[in-house]
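In numbering that gives the first Met the number 0, the protein residues as written are 0 to 362. Where is the CB? At the ideal position from N, CA and C, for every residue including glycine. Here the structure is a predicted model, which is why all the values come from computation and not from measurement.
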Amino acid sequence: MKILVTGVAGFIGFHLVKRLIREEHYQIIGLDNINDYYSTDLKYDRLAELGVQKDRIIEDAIVNSSKHKDLGFIKTDLENKPVIDRLFEKEEIDIVINLAAQAGVRYSLKDPYRYIDSNITGFLNLLEGARHHSLKHLIYASSSSVYGANTNMPFSTGDNVDHPMSLYAATKKSNELMAHTYSNLFNIPTTGLRFFTVYGPWGRPDMALFLFAEALMNDEPIKVFNYGKMERDFTYIDDIVEGIFRLMSKPPTQNISWSRKNPDPATSFAPYRIFNIGNSNPVKLMDFIKEIEQQLNIEAKKEMLPMQPGDVPKTWADVEDLYDYIDFRPQVGIQEGIKHFIDWYKSYFITRKEVKPIFETNK
0 MKILVTGVAG
10 FIGFHLVKRL
20 IREEHYQIIG
30 LDNINDYYST
40 DLKYDRLAEL
50 GVQKDRIIED
60 AIVNSSKHKD
70 LGFIKTDLEN
80 KPVIDRLFEK
90 EEIDIVINLA
100 AQAGVRYSLK
110 DPYRYIDSNI
120 TGFLNLLEGA
130 RHHSLKHLIY
140 ASSSSVYGAN
150 TNMPFSTGDN
160 VDHPMSLYAA
170 TKKSNELMAH
180 TYSNLFNIPT
190 TGLRFFTVYG
200 PWGRPDMALF
210 LFAEALMNDE
220 PIKVFNYGKM
230 ERDFTYIDDI
240 VEGIFRLMSK
250 PPTQNISWSR
260 KNPDPATSFA
270 PYRIFNIGNS
280 NPVKLMDFIK
290 EIEQQLNIEA
300 KKEMLPMQPG
310 DVPKTWADVE
320 DLYDYIDFRP
330 QVGIQEGIKH
340 FIDWYKSYFI
350 TRKEVKPIFE
360 TNK
């Protein structure tokens, strides 16, 4: 079975491909544009872990991994329609897992056009590829941010999500609507996954855990928004990957009980599903910071700040429908998850990068 994983140089895509390689049952094509939203060094280092060396990458062409015979990589933009069309025509792809997107709630206020290009136009190109090449299953990353102004807790896939708080969230809601349209018109099985605050080794530098650990280790203050009155459903990366992996082999079918008079937003008369993937255990931001402090044995200097535009005070995932569907629910707690991240962070920056002296005194 041949799988296209977009966003393979990104956090979730990298970990998913590592899992797929271990299974030894798949041919994998990884795609990424390696944009500069955050450090491209980190992205190239992820690819190097997969056996894709920076000096061998050719724009818009597939190169093979030096470590894994069933992994190829192509550097291109999703919005590059001729390249995406050619990929579908030549590679006979069975499953697409779309983890590529312009990420970041706050950054969407600064450069909104990137979000339209990647998250809307790029996603449309994948849908068109699926339409013309009999795709067996399209799985795509949505986001917990689609819940927006909703305050019903926990967030359920049956909730209304018509009031996004950022353009990023609006593009993810748009992806769900676009996927449903193609599921309806062309019978393409699509599964949308609303991820909740994913963290872990090789994580994104713009996410809270990375920012906090970096600041503490370098004796710098951390920024605590909404004066610490925030809660997040932190979800460890291995739980996210396990959920995706189990869903791959279970493409959605039509819900024969779906009612037009009382429509369920998470299912459809078309082969379409939406799931939350979250730990279903919201953690107070100050408790999260305390756990980082304890594991590093460093007390944080805190800069207390108001809520940022586009943010929400709390997230909490209802994952009962996911559990019913694949017999799995995320389970790694923050104590274990933070430890794994910090162990990786110290190792990565001490062994590979120029490190400030603070590392030596606290490692």
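Buried or exposed (CB count within 10 angstroms, at least 16 for buried), residue i
i	result
LEU3	buried
ASP373	The structure shown does not extend to residue 373, since the chain spans only 0 to 362, so no value can be given for it.
THR252	exposed
THR39	exposed
ARG259	exposed
PRO270	buried
ARG45	buried
LEU176	exposed
TYR114	buried
TYR322	exposed
ALA212	buried
GLU58	exposed
HIS14	buried
Integer Cβ distance of residue i from residue j, believed to fall under 8 Å
i	j	result
PRO329	SER248	About 19 Å; that fails the 8 Å criterion.
ILE138	ILE92	ILE138 to ILE92, Cβ: 13 Å. No contact.
LEU30	ILE94	Not a contact, Cβ separation roughly 13 Å.
GLY309	TYR198	Not a contact, Cβ separation roughly 19 Å.
SER107	LEU166	4 Å
VAL160	ASN149	7 Å
Closest Cα partner of residue i within the set the options
i	options	result
ASP76	ILE255, ILE119, ASN63 and LYS109	ILE119
LEU49	ALA8, ILE33, ILE57 and ARG85	ALA8
ILE11	ALA100, ASP59, HIS179 and HIS24	ALA100
LEU284	HIS24, ASP326, ARG203 and LYS301	LYS301
PHE154	ILE187, GLY147 and TRP315	TRP315
ALA178	ARG130, TYR324 and VAL160	ARG130
TYR43	TYR37, GLN52 and PHE287	GLN52
ILE369	MET229, ASP326 and LYS228	Lying outside 0 to 362, the shown extent of the chain, residue 369 is not represented and no answer is given.
VAL419	ILE61, GLN293, GLY6 and GLY71	Residue 419 cannot be examined here, being either before or after the span of the chain that is shown, 0 to 362.
ILE56	ASN32, LEU41 and TYR37	ASN32
PRO312	THR196, GLU88, SER65 and ILE20	THR196
ASP286	LEU15, PHE233, PRO250 and ILE239	PHE233
GLU23	GLU127, LYS66 and VAL331	LYS66
GLN294	ASP317, GLN334 and GLY6	GLN334
Cβ shell of residue i (< 8 Å), same chain only, five flanking positions each side left out
i	result
PRO305	PHE224, ASN225 and TYR226
ASP263	GLY157, ASN254 and TRP257
Host beta strand (DSSP E) of residue i (start-end)
i	result
ASP31	26–31
ILE273	271–276
TYR139	136–140
ARG193	189–194
Own chain partners of residue i with C-beta closer than 6 Å, once the 5 adjacent residues on each side are dropped
i	result
VAL354	Any reading at VAL354 must be qualified, since the residue scores a pLDDT of 41, below 50, and its modelled position is unreliable; the value itself is stated next. Cβ neighbours of VAL354 beyond the five flanking positions: PHE348.
THR189	LEU137, ALA178, SER182 and TYR271
GLN26	LYS1 and ASP69
HIS132	PHE87
PHE274	LEU192 and LEU321
Residue interval of the alpha helix (DSSP H) (run including residue i)
i	result
THR39	39–48
LYS222	No alpha helix (DSSP H) holds LYS222; the beta strand (DSSP E) holding it covers 221–223.
LEU15	10–22
ARG113	111–114
Sequence-distant residues of the same chain with beta carbon closer than 7 Å to residue i, five excluded per side
i	result
THR266	ASN254, TRP257 and ARG272
GLU78	ASP116, SER117, THR120, GLY121 and ASN124
ILE239	ILE11, PHE194, VAL197 and ILE276
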